[in-house]
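What follows is a short report on a single structure.
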Ligand code: GUN
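Numbering (the working numbering), first residue to last: 50 to 335.
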């Protein structure tokens, strides 16, 4: 069996081009540009790279990005004040606080301070709560990107036995909810799961988001499995995913590559969420 590679980069690029055309149409109607404020605290190298990808995508999409690079010593009060100002600014449609934050900053009150209509990450309890209730509004970008890839490649999850590995608030939990909303049978595994292979062995589709390089190997999965690899880590400086991509060739039915699979979709979905937030807000402006 030849393993199909589920690329995300072309779909991400097409999505951004579509947004750029929509933004241009709004501008031709005399409307302002969509605006996204991106807050990065400290100098975590991976976060700096992610934020620069987001800003570059904004440029391509015609979205005005406003970058706030703050020192790691930034206090909770300073963060809450900045968010308060951004909540009030007319031209700011989306507010994104890059995670993880330095350890002295609890992310919960910061995320809760963001106006839910500007919460383009979909991390606010209101947006997460809607997702849990099956009333999806602003959905977190990485899980939304995974669902877009499923749709693009015509992969049906209804009634399928799926396993999500990783239960983070950013990826694993919201992705599990999206899959339940689509009527998949979902098993969520995490760091305390005793025998991961026991679960992955019965999966038709695996979604893995742990950041543990090559965690998912051929011996742990049934032949013909489909794998969505949402993990990013490095081996000797080379970016790799959670799945043993080489070892799974000829065994898995299909697999997303790292890089070039889910990653670019995350950034594209941030553009989608920002455009959606913009549309809702300009409809209220007269
Ligand atoms: N850190 C890793 N992924 C994300 C994301 O999707 N959004 C934010 N804000 N931080 C992240």
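All residues carry an ideal CB built from backbone N, CA and C; glycine is no exception.
In chain order, the residues with a C-beta atom nearer than 6 Å to some heavy atom of the ligand GUN are 145, 146, 147, 148, 170, 190, 191, 219 and 315. Excluding sequence positions up to five before and after residue 306, its CB lies within less than 6 Å of the CB of 54, all in the same chain and listed in chain order. Sixteen is the threshold: since fewer than 16 other Cβ atoms of the shown chains lie within 10 Å of the Cβ of residue 95, the residue is exposed.
With a cutoff of 7 Å on beta-carbon distance, residue 274 and residue 194 are scored as not near each other. Within the same chain, 234, 251, 252 and 253 come within 7 Å of residue 210 by CB-CB distance, once the 5 residues on both sides are set aside.
The continuous beta strand (DSSP E) containing residue 210 extends over residues 210-214.
Short of 8 Å from the beta carbon of residue 228, and not among the five residues preceding or following it, lie these beta carbons of its own chain, in chain order: 206, 211, 213, 235 and 256.
For residue 257, the enclosing beta strand (DSSP E) stretches over residues 254-257.
Under the DSSP assignment, residue 277 falls in the beta strand (DSSP E) whose first and last residues are 275-278. Counting of Cβ neighbours within 10 angstroms places residue 147 among the buried residues, the total reaching 16 or more. Checking the DSSP bridge columns, you'll see residue 236 partnered with 212.
Residue 225 sits in a helix when the DSSP states are folded into three classes. DSSP places residue 138 in no beta strand (DSSP E); its state is neither H nor E. Residue pairing from DSSP places residue 116 in a beta bridge opposite 87.
Residue 53 has 303 as its beta-bridge partners, per DSSP. For residue 288, the uninterrupted beta strand (DSSP E) segment begins and ends at 287-289. Residue 191 and residue 296 have their alpha carbons spaced roughly 25 Å apart.
For residue 324, the enclosing alpha helix (DSSP H) begins and ends at 311-333.
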